[in-house]
Amino acid sequence: MNAKMYGDEQAVRKQKGSNKASRQRTVFLIVAIAPSLLGYLLFTLYPNLMSVYYSLLNWDGLTDAKFVGFDNYVSMVKDKFVWRALYHNLLYMIVVPALIVFISLLLAYLLNNKSYKENSIYKVIFFFTNVLSTVVVALLWSFIYDGSFGLLNGMLELFGMSMNDFYWLGDTRTAIWALVIPMVWGGVGLYVVIFINAISSIPKSLYEAAYLEGARPMSILFRITIPLIRGVIRVCVVFVILGSIKGFEIIMILTNGGPEGSTDVIGLYMFNLAFGKEYHNYGYASAIGMFLFVILVGAKLIIDKFYPEENVEY
Amino acid sequence: MAERRTFMDGVWRLLLLLWAISIIFPVIWILYQSLRTNAAFFQDIWALPKDIQWSNYSKAWNQYKIGQSLLNTLYYVGVSLVLGTFLTTLNAYALTRVQFRGRKLIWGLIMLSLFLPGINALIPQYILMKTMHLTNSLTGLIILDSFGENVFFLMLLGGFLSSLPKDLEESAFMDGASIFQTFWRIIVPLSTPGIVTVAIFKFLGLYNNFLGPFIYLGDPSKYTIGVNMYQANMKMQYTSDWVTMFAGVIIVMIPSIIFYVFFQRRIMEGATMGSMKG
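The listed protein sequences correspond, in order, to chains A and C.
No gaps in the numbering here: position 247 of the first sequence is 247 in UniProt numbering, and each next residue is one more.
No gaps in the numbering here: position 12 of the second sequence is 12 in UniProt numbering, and each next residue is one more.
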């Protein structure tokens, strides 16, 4: 009897203990999950859903919103500025990723496979642009491109080419291309580092075998290095393409879409419609935002179709 | 393997050198121009400074109110960093190592945002912040950035946490530790490398964040350093005070440079880790 009582007591104590533990667990879970989850629902998911609704409104943010159905979408299709911006987007989503991937692959290959003594310093220098903010990168390039006192014209003059105060960002023909360079310049470093790590994970024996068989450096690059890091290249391509559709900060700071809309992109157009100085057109801007969403999803699907994911085995 | 040095090696080395120069040279150019006078700069953009004008720096500091905007940035970045990293760590632990009902559902719900580009949410987010009276406030920005989007870091830290051995918590519970104690005394110390990586990238993201502060902060006394320099540059177009602007840009770059020098290795490693997960 004594033993039974003792056992009961222990069971009760144990249950008390586990009750306490499970209560603590519940409290912990609430504390750990609730703030982030509520924040996520409120600040991320809810706005994303609301953007669909907003796109059906005629609303300037001040007067009452009017439900107009698909009117915004109809005007969008007729809006030639949207199509011009889309054209610029397409241009950037091809040119910028192509340049970034090509340059960073080349640099990474050189840094990894050639044992030049200065290589370790270069790795640090190349990545540096990725630590700088978009504002700083943009301001640096605005100083470079300036017509009268810019670095670029100054250098051209040293080589005997007088540009007569030509302002690279102020001309409709050059502005769109002039923006490509800071985008590439500011993006390459990250991908150099990514590619270096990918390349260095390729077993050395593969290279050695190729050397023994007398393969030339170029064929080693194209037959061994690039095929084996295809997966990494793919991730990078997706990253840069999607980033080039989304990112408009650098364009906003350097040209704000000008001159005469020659550098406008969809994200920036939407931004200026919603937050620009003259007027706010939240409904229409939201419709364009939805369009942007569709483009991003579309781009992802196209990449998946033409550049399917695959696993490489060594 | 001994490599032969060929003509092509010369070309490659030159290429690497040119890319490095394209990065360093503009920065150095701005640095030495920031020590000249406007008159001298307008006369010749190449000449080296004759007598060094440190006053450009004090002028930039006072004229652009960099002190104030650095304090704003420190408050915004500091609090968002600590709060955001703490919340992400708690969240990652609860969602990857604690079994409870609805865990998969919550995880899936959060992962849903990987498919949302977010850019189309800009307007509703702004309206929401306005309704909550959180616009034109650094605290509002902190709330948005610490509670809002953290999926990327959640995945990164979640991956790190799930690689820790399973019986860690179990033995702690056996010894009578509460889940709070286990989290604080065992999980946090063991996952410090992961937490530090997340914190470093949060720092870079926050310090370099332009669009958020630009949209939400209207009052110049609340500008973060990035927005401040952007506005200063807009004004410079009318005043043509180049050398002061150069000094300002250099001041803004200093924290990035110091940070990079200290965490260079970690930043580079983390960059690869993060992007491969995405």
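For each residue, glycine too, the CB sits at the ideal point set by N, CA and C.
Residue-level contact to chain C via CB, residue i, 8 Å cutoff
i                     : result
residue 73 (chain A)  : no
residue 194 (chain A) : yes
residue 314 (chain A) : Because the pLDDT of residue 314 (chain A) is 49, which lies under 50, any placement of that residue in the model is unreliable, and the number read from its coordinates should be weighed accordingly. No, residue 314 (chain A) does not count as interfacial toward chain C.
residue 202 (chain A) : no
residue 293 (chain A) : yes
residue 290 (chain A) : yes
residue 219 (chain A) : no
residue 114 (chain A) : yes
residue 319 (chain A) : This structure cannot speak to residue 319 (chain A), because chain A is shown only from 1 to 314.
residue 70 (chain A)  : no
residue 100 (chain A) : no
residue 249 (chain A) : yes
residue 246 (chain A) : yes
residue 149 (chain A) : yes
residue 19 (chain A)  : no
residue 104 (chain A) : no
residue 197 (chain A) : yes
residue 143 (chain A) : yes
residue 25 (chain A)  : yes
residue 51 (chain A)  : yes
Residues bridged to residue i [DSSP beta-bridge criterion]
i                    : result
residue 66 (chain A) : A:58
Chain A contact for residue i (CB, 8 Å cutoff)
i                     : result
residue 327 (chain C) : Shown here, chain C extends from 1 to 278; a query on residue 327 (chain C) therefore has no answer.
residue 40 (chain C)  : no
residue 161 (chain C) : no
residue 46 (chain C)  : yes
residue 18 (chain C)  : no
residue 155 (chain C) : no
residue 1 (chain C)   : Here residue 1 (chain C) scores only 43 on pLDDT, less than 50, and its place in the model should not be relied on; the value that follows carries that caveat. Chain A contact via Cβ: present.
residue 85 (chain C)  : no
residue 188 (chain C) : no
residue 30 (chain C)  : yes
residue 276 (chain C) : For residue 276 (chain C), the pLDDT reaches just 47, beneath the cut-off of 50, and the residue's location in the model is therefore unreliable, although a value from the coordinates is still provided. At least one chain A Cβ lies under 8 Å of residue 276 (chain C).
residue 7 (chain C)   : no
residue 22 (chain C)  : yes
residue 26 (chain C)  : yes
N-terminal and C-terminal residue of the alpha helix (DSSP H) that residue i is part of
i                     : result
residue 80 (chain C)  : 66–97
residue 83 (chain A)  : 80–113
residue 170 (chain C) : 167–174
residue 338 (chain A) : Lying outside 1 to 314, the shown extent of chain A, residue 338 (chain A) is not represented and no answer is given.
residue 141 (chain A) : 134–145
residue 183 (chain C) : Taken as a continuous stretch (DSSP letters only), residue 183 (chain C) belongs to no alpha helix (DSSP H), as it is neither H nor E.
residue 256 (chain A) : Here residue 256 (chain A) belongs to no alpha helix (DSSP H), and DSSP marks it neither H nor E.
residue 290 (chain C) : Nothing about residue 290 (chain C) can be reported from this structure: the residues present for chain C run from 1 to 278 only.
residue 138 (chain C) : 138–147
residue 218 (chain A) : 217–220
residue 199 (chain A) : 175–200
residue 102 (chain C) : Taken as a continuous stretch (DSSP letters only), residue 102 (chain C) belongs to no alpha helix (DSSP H), as it is neither H nor E.
residue 275 (chain A) : 266–275
residue 244 (chain A) : 230–246
residue 29 (chain C)  : 7–33
residue 208 (chain C) : 192–208
residue 236 (chain C) : 225–239
residue 177 (chain C) : It is not in any alpha helix (DSSP H) - residue 177 (chain C) carries neither H nor E in the DSSP assignment.
residue 209 (chain A) : 204–212
residue 55 (chain C)  : 55–63
residue 166 (chain A) : Here residue 166 (chain A) belongs to no alpha helix (DSSP H), and DSSP marks it neither H nor E.
residue 150 (chain C) : Neither: residue 150 (chain C) is in no alpha helix (DSSP H) and is coded neither H nor E.
residue 157 (chain A) : 151–158
Integer-rounded CB distance, given that residue j should sit under 8 Å from residue i
i                     : j                     : result
residue 260 (chain C) : residue 131 (chain A) : 5 Å
Which residues, in order along the segment 27–49 of chain A, keep a beta-carbon less than 9 Å from a beta-carbon of chain C?
Answer set for the segment 27–49 of chain A: 27, 28, 29, 31, 32, 33, 35, 36, 37, 38, 39, 40, 41, 42, 43, 44, 45, 46, 47, 48 and 49.
Which residues, taken in chain order from the segment 170–183 of chain C, show a beta carbon closer than 8 Å to some beta carbon of chain A?
173, 178, 179, 180 and 183
Give me the subset of the segment 220–249 of chain C whose CB atoms are less than 7 Å from a CB atom of chain A, sorted by chain position.
Those would be 226, 229, 230, 233, 242 and 249, in chain order.
Which of the residues in the segment 116–137 of chain A, read from start to end, lie with their CB under 9 Å from any CB of chain C?
116, 118, 119, 121, 122, 123, 124, 125, 126, 127, 128, 129, 130, 131, 132, 133, 134, 135 and 136
In the segment 271–288 of chain A, which residues sit with their C-beta less than 8 Å from some C-beta in chain C, listed in chain order?
271, 274, 275, 282, 285 and 286
Residues from the segment 105–119 of chain C in contact with chain A, defined by Cβ distance under 9 Å
106, 109, 110, 112, 113, 115, 116, 117, 118 and 119
Short of 8 Å Cβ to Cβ, which residues in the segment 151–178 of chain A face chain C?
151, 154 and 158
To be precise: take each residue of the segment 253–268 of chain A, compare its Cβ to all Cβ atoms of chain C, and keep it if any distance is under 8 Å. Which residues remain?
253 and 267
Against chain A, which members of the segment 198–213 of chain C pass a CB distance test of less than 9 Å?
204, 207, 208, 209, 210 and 211
Within 8 Å of chain C by C-beta, residues of the segment 218–237 of chain A in sequence order
232, 235 and 236
Could you name the residues of the segment 52–70 of chain C whose beta carbon sits closer than 8 Å to any beta carbon of chain A, in the order they occur along the chain?
none
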